[in-house]
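S.K.:
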Amino acid sequence: MDNAFRHNLIRLYVLKVSHWFMLIMPIAVLFYKANGLSVSQIFILQSVHSLSIVLLEIPSGYFADVLGRKNTITVGAILGFVGFAIYSMTYGFWGFLFAEIVLGLGQSMISGADSALLYDSLAERKKQDDYIKHEGRMTSVGNFAEATAGILGGLLAALSIRYPYYGQALVAFTAIPAALTLIEPKNEINRLELGWKQIVDVVRYAIIRNRKLRLNILLSSVVGASTLTMAWFVQPWLIRAETPIELFGAIWTVLNLLVGVAALYAYKIELRLGSVRTIAFIIVLLTLGFIATALFKSYWAISFIVIFYLVRGVATPILKDAINRLAPAAMRATILSVRNFIIRIIFSVWGPFYGWLTDRWSLALALATAGTVFAILSTLTFVAQLKGKRDNQTSNSKPS
100 MDNAFRHNLI RLYVLKVSHW FMLIMPIAVL FYKANGLSVS QIFILQSVHS
150 LSIVLLEIPS GYFADVLGRK NTITVGAILG FVGFAIYSMT YGFWGFLFAE
200 IVLGLGQSMI SGADSALLYD SLAERKKQDD YIKHEGRMTS VGNFAEATAG
250 ILGGLLAALS IRYPYYGQAL VAFTAIPAAL TLIEPKNEIN RLELGWKQIV
300 DVVRYAIIRN RKLRLNILLS SVVGASTLTM AWFVQPWLIR AETPIELFGA
350 IWTVLNLLVG VAALYAYKIE LRLGSVRTIA FIIVLLTLGF IATALFKSYW
400 AISFIVIFYL VRGVATPILK DAINRLAPAA MRATILSVRN FIIRIIFSVW
450 GPFYGWLTDR WSLALALATA GTVFAILSTL TFVAQLKGKR DNQTSNSKPS
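Start counting at 1 in the sequence shown, then tack on 99, and there's your number in this note's numbering.
Have a look at this one:
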């Protein structure tokens with residue numbers, strides 16, 4: 100393996116771990132309550148965090164295309180450290196609100212730029228066919244880190260509810276030297292000019308002018324939004340199944356480990372089944388996960404959640420690879436940010452509705468509705484992809 104590529108790969112792993120090694124996740128609500136926050140204030144914080152990501156998701160990807168992946172990732176790493184440092188040193192709603200805004204800005208800066216830098220590093224060495232394998236490993240490492248951090252965070256909280264936040268700031272700091280020492284791929288030429296008009300041009304290219312790219316972005320976004328939705332449904336489902344509270348952390352750890360394991364084999368699965376059948380299985384199995392968890396309440400039905408998380412691990416690297424292959428190098432980070440932006444928009448629109456269905460009617464109805472919405476959106480997009488492939492084959496087979 101080329102020394103420069105290995106150099107970048109190690110640092111991208113460090114960045115992935117620093118982002119996913121979330122010591123605070125198992126005790127976040129307890130931390131908020133210990134600092135006097137109400138439940139509504141907790142949800143306001145998370146809404147502000149999501150909003151800050153949505154507003155800057157596409158511009159930040161564009162900055163990565165214009166100013167360089169390394170520079171944008173470095174800014175994101177610094178903001179991530181500052182955000183958790185603010186959290187560890189403040190004791191009320193307004194301090195936490197400021198921290199969430201800073202963290203949202205930092206996350207949006209890194210989002211898309213890291214995957215684009217990985218792909219460009221591979222493309223520079225004519226190894227872009229290995230992207231799924233490396234992206235799968237990155238996803239796997241991230242989920243292993245999240246699983247491990249969940250256990251360690253709980254142990255730190257037993258000593259002090261604030262210790263996980265001190266530790267999180269230290270973890271976030273490790274991303275800064277990793278980002279500063281990245282090597283910008285030399286194949287990044289013809290960068291875009293700086294300006295809002297150029298941002299609009301890239302978005303128009305991705306979702307209007309390039310039909311094939313648009314459909315791949317939409318499918319990846321629908322799948323991403325569905326897995327994010329299920330992540331918020333898991334704990335209510337466990338409560339409905341009368342799962343002991345002490346098992347929640349262990350179940351969360353196992354589910355994230357499963358995503359990591361599945362991601363490692365994503366490229367092998369696609370090689371064996373082919374892209375069309377792989378995507379078809381992803382749609383069918385994710386839909387089954389929603390519908391089955393809606394119908395069954397017993398412990399054994401957690402097997403459907405397990406299947407869902409395994410499929411999630413396979414889907415992420417495969418669908419992102421499809422986008423990377425179609426995205427021009429000069430606008431790749433922006434296009435990946437378009438994908439992340441759409442995921443957040445879909446979740447922002449449907450998430451509150453699913454929550455209302457759960458409170459007003461039942462969790463089962465909310466899960467069934469989420470599964471139906473996902474099945475319709477993903478199937479329509481997938482069918483459009485297949486039609487586009489057939490049309491291309493037909494036009495190519497016609498004599499000139």
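Don't be surprised by glycine CBs; every beta carbon is placed ideally from N, CA and C.
Remember, it's a predicted structure, so these values are computed and weren't measured experimentally.
#1: Assign residue 263 to one of three DSSP states: helix, strand, or coil.
#2: Would you kindly report the start and end of the unbroken alpha helix (DSSP H) that includes residue 205?
#3: Give the secondary structure of residue 288 by DSSP, where H, G and I count as helix, E and B as strand, and everything else as coil.
#4: Could you say which of 207, 194, 392, 216 lies nearest to residue 106 if we only look at CA atoms?
#5: What residue from 152, 315, 183, 208 has the CA that sits closest to residue 417's CA?
#6: What residue from 324, 189, 306 has the CA that sits closest to residue 386's CA?
#7: Residue range of the alpha helix (DSSP H) that residue 319 falls in?
#8: Would you report the Cα separation of residue 432 and residue 212, rounded to the nearest angstrom?
#9: Counting only runs that start and end within the stretch 345 to 370, where is the alpha helix (DSSP H) found for 4 or more residues in a row?
#10: In chain order, what residues of the same chain lie with their CB nearer than 6 Å to the CB of residue 511, ignoring the 5 residues before and after it?
#11: Does DSSP put residue 282 in a helix, in a strand, or in coil?
#12: Pair every Cβ in the stretch 226 to 245 with every Cβ in the stretch 349 to 368, then say whether three or more of these pairs are closer than 8 Å.
#13: Ends of the alpha helix (DSSP H) at residue 167?
#14: For residue 285, count neighbouring C-beta atoms within 10 Å of its own C-beta (all shown protein chains included) and say buried if the count is 16 or more, exposed if not.
#15: Any Cβ of chain B within less than 8 Å of the Cβ of residue 153?
#16: For residue 276, verify whether its CB is less than 7 Å away from any heavy atom of the ligand SAH.
#17: Excluding the 5 residues flanking residue 306 on each side, which residues of the same chain have their C-beta closer than 7 Å to its C-beta?
#18: Out of 389, 193, 365, which has the shortest C-alpha to C-alpha gap to residue 419?
#19: What is the DSSP secondary structure of residue 460, counted as helix, strand or coil?
#20: So, are the CB atoms of residue 449 and residue 352 less than 8 Å apart?
#21: Suppose you measure from the CA of residue 486 to the CA of residue 445; what does that come to, to the nearest Å?
#22: Rank 209, 466, 244 by C-alpha distance to the C-alpha of residue 339 and give the top, closest one.
#23: Just tell me which of 150, 357, 457, 221 has its CA closest to the CA of residue 412.
M.R.: Judging by the given coordinates:
#1: Reduced to three states, the DSSP call for residue 263 is helix.
#2: 192 to 209 is the extent of the alpha helix (DSSP H) around residue 205.
#3: With a pLDDT of 49 at residue 288, under the threshold of 50, the modelled position of this residue cannot be trusted; read the value that follows with caution. Under the three-state reduction of DSSP output, residue 288 falls in the coil class, being neither helix nor strand.
#4: The shortest Cα separation from residue 106 among 207, 194, 392, 216 belongs to 216.
#5: Residue 315 is the option with its Cα nearest to residue 417.
#6: Residue 324 holds the alpha-carbon nearest to the alpha-carbon of residue 386 among 324, 189, 306.
#7: Looking at the DSSP string, the run of the alpha helix (DSSP H) that includes residue 319 is 310 to 339.
#8: Taking the straight line joining both Cα atoms gives about 5 Å.
#9: For the stretch 345 to 370, whole alpha helix (DSSP H) runs of length 4 or above, ordered along the chain, are 347 to 363.
#10: With the chain running from 100 to 499 in the structure shown, residue 511 is simply not present.
#11: In the structure shown, the three-state DSSP call for residue 282 is coil.
#12: The stretch 226 to 245 makes contact with the stretch 349 to 368, as at least three CB pairs between them are under 8 Å.
#13: For residue 167, there is no enclosing alpha helix (DSSP H), as DSSP gives it neither H nor E.
#14: Classification for residue 285: exposed.
#15: Within the model displayed, chain B is absent; a lone protein chain is all it includes.
#16: As far as ligands go, the structure on display features none, and thus does not contain the ligand SAH.
#17: Residues of the same chain with a CB within less than 7 Å of the CB of residue 306, apart from the 5 flanking positions on each side, are 313, 316, 437 in chain order.
#18: The candidate whose alpha carbon is nearest that of residue 419 is 365.
#19: Per DSSP, reduced to three states, the secondary structure at residue 460 is coil, with no helix or strand assignment.
#20: No, the Cβ-Cβ distance between residue 449 and residue 352 is not below 8 Å.
#21: Using only the alpha carbons, I get a separation of about 24 Å.
#22: Closest in alpha carbon position to residue 339, among 209, 466, 244, is 466.
#23: Comparing Cα positions, the closest option is 357.
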